[in-house]
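Numbering that gives the first Met the number 0 numbers the first residue of the sequence shown as 0 and each following residue consecutively.
To start, the structure itself, in structure tokens.
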Amino acid sequence: MCGIIGLVSQNYFKSNDVIKMLKRLEYRGYDSFGIVTNSGLFEKKVGEVTSVTDNKCTQAIAHTRWATTGEVTKENAHPHSSCDGRIFIVHNGIINNYVELKEGLVAKGHIFRSETDSEVIAHFFEEELKTKPMPGAVERFFRVASGEFAVIIMIKGDSKLYAMKRGSPLSLGMLEDGNVISSDIYAFSGKTDKAVFFHEDEFAVVNEKGYEFYRFDGTSLEPVKKEITEVKWSSNEEGKKYDHYMIKEIYEQPEALERLYHSLKNGQKESAEKLKALMKSSKRIVFVASGTSYHATLLGVYFLNKSGVEAHTIIASEFRNFYLVDKDTLIIAVSQSGETMDVIEALHGMKARGAKIASLVNVPYSTIQRMSNVSVNIEAGQEICVAATKSFVNQVACLHYIASMFNGAEIADLPGDVRKVLSQENNIRDLAKSLVKSRDIYIIGRGFLYPVAREIALKLKEISYIHAEGMMGGELKHGTLALIEKGTPVIALINGRSEIVSNVMEVKARGGRIIAISNSGMAGELIRIDSDDEVSFSTAATVAGQLLTYYIAKEKNLPIDKPRNLSKTITVK
Ligand code: M6R
Numbered sequence: 000m001c002g003i004i005g006l007v008s009q010n011y012f013k014s015n016d017v018i019k020m021l022k023r024l025e026y027r028g029y030d031s032f033g034i035v036t037n038s039g040l041f042e043k044k045v046g047e048v049t050s051v052t053d054n055k056c057t058q059a060i061a062h063t064r065w066a067t068t069g070e071v072t073k074e075n076a077h078p079h080s081s082c083d084g085r086i087f088i089v090h091n092g093i094i095n096n097y098v099e100l101k102e103g104l105v106a107k108g109h110i111f112r113s114e115t116d117s118e119v120i121a122h123f124f125e126e127e128l129k130t131k132p133m134p135g136a137v138e139r140f141f142r143v144a145s146g147e148f149a150v151i152i153m154i155k156g157d158s159k160l161y162a163m164k165r166g167s168p169l170s171l172g173m174l175e176d177g178n179v180i181s182s183d184i185y186a187f188s189g190k191t192d193k194a195v196f197f198h199e200d201e202f203a204v205v206n207e208k209g210y211e212f213y214r215f216d217g218t219s220l221e222p223v224k225k226e227i228t229e230v231k232w233s234s235n236e237e238g239k240k241y242d243h244y245m246i247k248e249i250y251e252q253p254e255a256l257e258r259l260y261h262s263l264k265n266g267q268k269e270s271a272e273k274l275k276a277l278m279k280s281s282k283r284i285v286f287v288a289s290g291t292s293y294h295a296t297l298l299g300v301y302f303l304n305k306s307g308v309e310a311h312t313i314i315a316s317e318f319r320n321f322y323l324v325d326k327d328t329l330i331i332a333v334s335q336s337g338e339t340m341d342v343i344e345a346l347h348g349m350k351a352r353g354a355k356i357a358s359l360v361n362v363p364y365s366t367i368q369r370m371s372n373v374s375v376n377i378e379a380g381q382e383i384c385v386a387a388t389k390s391f392v393n394q395v396a397c398l399h400y401i402a403s404m405f406n407g408a409e410i411a412d413l414p415g416d417v418r419k420v421l422s423q424e425n426n427i428r429d430l431a432k433s434l435v436k437s438r439d440i441y442i443i444g445r446g447f448l449y450p451v452a453r454e455i456a457l458k459l460k461e462i463s464y465i466h467a468e469g470m471m472g473g474e475l476k477h478g479t480l481a482l483i484e485k486g487t488p489v490i491a492l493i494n495g496r497s498e499i500v501s502n503v504m505e506v507k508a509r510g511g512r513i514i515a516i517s518n519s520g521m522a523g524e525l526i527r528i529d530s531d532d533e534v535s536f537s538t539a540a541t542v543a544g545q546l547l548t549y550y551i552a553k554e555k556n557l558p559i560d561k562p563r564n565l566s567k568t569i570t571v572k
């Protein structure tokens, strides 16, 4: 993962202007960062993106890292430079054959300063540029490097920036007085609405007045004409009134749901109809997603099956083991970022087998959206906290809406039911305080509440650092019950007097502590849900779990928006 940026301008700009743009890419990684400018600043630091030494320049590249190869150290932070200190690179992705490339370069006398795969790129270009001009060196790089890369190269004394893409996303924004290259459009949103997206194996030469694009056809670079896309998408991190983005985003959910429903009935009506038509004409419907988005697809499958539509879901990182894909298969990718590498990989594989691709994404113009025959936006708005909250709720609502297009089911008042949970904040905060010391928490649900149990467990793990297991209530007695001791917290998701009640009894009989998220009058600690409608209950119960997680993490003083070891967008396999 990682976020990269390169800026070249007719006018002087400040190093910290680039840092501000880099900050917007921090959701891609925040282990360490660095910048180099054409007026001599070269600074790297471990930790989140913060300001750097003031420096006026007309050219700069910068990077924020999520460590893959090499520990989190200043040496491993980007930019990386060549031995002669002339060539600087920033890289997002992974060079799979870096060991082999490095060995060849070391044999030629190159000295490496980091443990990263990325540094090989700087030395590779230093070596190649000794004997050929830039296009030739790039051609050779495309030929010999395996893996995924979005790379920006800056060379001392050269007024141009060079950028290339294979696998990892890269876009170019046109500014009034220059150009900016970046992992995604967030970095320049608000500064320009004109963007050009790099396609696979493309290389660009960019200066302060313009740019040229080339495509590597397997042998050489051929010039390509690029389409300018008018991007209507703004970053909304400004105006933050809450302590953390997580709580801000939790509170935005009713509004985000209203926006989604409005859009599905108006602006996105046609796309939703198109998706329905594609689903109807397909022999097989298979969802593909990761993490929280996968949990949303479990609910999507449930709602579709109830509407009489057969659908399946496969977790993206295991998709290659799903063989029943042909030209009559519709793959529906569900992804907040639209950039998750596991999902993109799965889509490439399935496209090659002739499948049609649809998607539900939150980030417009994302790779997954651009790969799709039809795409619906979940309209959650920019989500900054690493934990997915409002995007999950909107994914579920959107999938339920699509299912209801098949059976005409009424849509309940989701925004209202979510607001009712939000109004229990004080009660939930008190409960959270009592759970701070827990080592393990179990969450049980049956039927449509099983995915919710999994989703709450994932939130607890990533944000409150408590081991949590979300499971089917009925499975408890088949093994996990052995772990229930006196006081072990078990969150039970109870919709009416369902079979889950007997699982609750099994826990109580062993001294376990039951916390019910329920609409039934069950005694004990309770977060109340005021609906028995399945989609309303599932989203409201999830919101209760989000609030509980948030307050446990807050009580523990954890880095809520940027939990350790994680990144919002997982662009590696
Ligand atoms: O952007 P995506 O929805 O494709 O991301 C998938 C997962 O990486 C993501 O949901 C992850 O599990 C979240 N951090 C969960 O809160």
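Even for Gly, the Cβ is constructed at its ideal location relative to N, Cα and C.
Cβ-based neighbour list, residue i, same chain, cut-off 8 angstroms, excluding 5 preceding and 5 following
i: E338; result: P168, D183, V362, S365, T366, I367, T568 and T570
i: E47; result: E25, Y29, F32 and K561
i: S289; result: I314, A315, S316, S334, T339, D341, V342 and I569
Assigned secondary structure, residue i (DSSP; H/G/I helix, E/B strand, else coil)
i: H62; result: strand
i: S42; result: The identity of residue 42 in the sequence shown is Glu, whereas the question assumes Ser. It is a strand residue.
i: E338; result: coil
i: F111; result: coil
i: E468; result: strand
i: T72; result: coil
i: K567; result: coil
i: K55; result: strand
i: P488; result: strand
i: V260; result: Reading off the sequence, residue 260 comes out as Tyr, not Val. Correct three-state label for Y260: helix.
i: K231; result: coil
i: S497; result: coil
i: Y400; result: helix
i: G146; result: strand
i: F12; result: strand
i: F123; result: helix
i: R139; result: helix
i: V395; result: helix
Residues that DSSP places opposite residue i in a beta bridge
i: V287; result: I313 and A332
i: E524; result: I514
i: I180; result: G5 and L171
i: M153; result: F87 and L160
i: Y213; result: F202 and P222
i: I367; result: Beta-bridge pairing links I367 to no other residue.
i: G33; result: K43 and H62
i: A439; result: Residue identity check: residue 439 is Asp in the sequence provided, not Ala. According to DSSP, which records beta bridges pairwise, D439 is partnered with H466.
i: H79; result: I88
i: F196; result: S170
Closest residue to residue i among the options (Cα-Cα distance)
i: Y400; options: N376, L421, T388 and Q381; result: N376
i: M471; options: I490, I465 and L459; result: I490
i: E211; options: L565, P134 and R64; result: P134
i: D341; options: I383, E378 and S292; result: S292
i: F447; options: I483, I314, D176 and D531; result: D531
i: H90; options: G209, E147, A515 and H243; result: E147
i: G69; options: V98, I60 and D242; result: V98
i: K231; options: D429, G380, N494 and H198; result: G380
i: L104; options: F124, I93 and N95; result: F124
i: D325; options: I356, F302 and K305; result: I356
i: L100; options: V119, R85 and S403; result: V119
i: N207; options: D176, A452 and H198; result: According to the sequence as given, residue 207 is Glu; it is not Asn. Closest option to E207, Cα to Cα, is D176.
i: D116; options: G166, E102 and H347; result: E102
Same chain only: Cβ atoms within 6 angstroms of residue i, ignoring 5 sequence neighbours per side
i: T487; result: G511
i: E229; result: D192
i: I152; result: I88 and Y161
i: V300; result: A310 and T312
i: L6; result: V17, A59 and V179
i: A354; result: V324, T328 and I330
i: A136; result: F124, E127 and L128
Below-8 angstroms beta-carbon distance, residue i vs any chain D residue
i: E126; result: Going by chain labels, chain D is absent from the structure shown, which holds only one protein chain.
Nearest-angstrom Cβ-Cβ length linking residue i and residue j, presumed shorter than 8 angstroms
i: I330; j: Q545; result: Incorrect: roughly 29 angstroms between the Cβ atoms, too far for contact.
i: S582; j: N75; result: Missing from the structure shown is residue 582; the chain here goes from 0 to 572 and no further.
i: Y11; j: T57; result: 6 angstroms
i: N426; j: I526; result: 7 angstroms
Proximal residues to residue i (C-beta, below 7 angstroms), its chain only, five neighbours per side dropped
i: R139; result: E127
i: K225; result: V195 and F212
i: S219; result: E138
i: I455; result: I442, G469, I490, T541 and G544
i: D83; result: E125
Cβ-heavy atom distance, residue i to the ligand MG, below 7 angstroms
i: V385; result: Absence of the ligand MG from the depicted structure is noted, with the ligand M6R being the only ligands included.
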